[in-house]
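Report on one structure; see the data block that follows.
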Amino acid sequence: MEVTAEIVGNNVRAFEDKFNYFKELISNRIAELEKKLQIVEAERDQLHAENEKLKSQIAESENLKTYSKENGIIM
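Reminder that position 15 of the sequence shown reads as 108 in our numbering, one-by-one numbering, no gaps.
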């Protein structure tokens, strides 16, 4: 079987088309995942801030309990 330049050229173009298609799919998926990552990071930062606020409130409450106990204040 003789392979002609035309057949090889067609095969190369078909491969390039498939390669470019999958390259675009991968690029689009990466962009989607980067957007999701930004959302998750923002949510993480918000939860971290809320957690720090709650820790501060707990510490304040513990300090108040200790102060009250030391000074005979019944709450």
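For every residue, glycine included, the Cβ atom is placed at its ideal position computed from N, Cα and C. Note that the structure is predicted; figures quoted are calculated from it, not measured.
Beta-carbon contacts of residue i that lie in its chain and below 7 Å, excluding the five residues immediately before and after
i	result
Ala135	none
Ile100	none
Other residues of its chain near residue i: CB distance less than 8 Å, five sequence neighbours each side excluded
i	result
Tyr114	none
### Query
Where are the alpha helix (DSSP H) runs, 4 residues long or more, that stay fully inside the stretch 116-157, in chain order?
none
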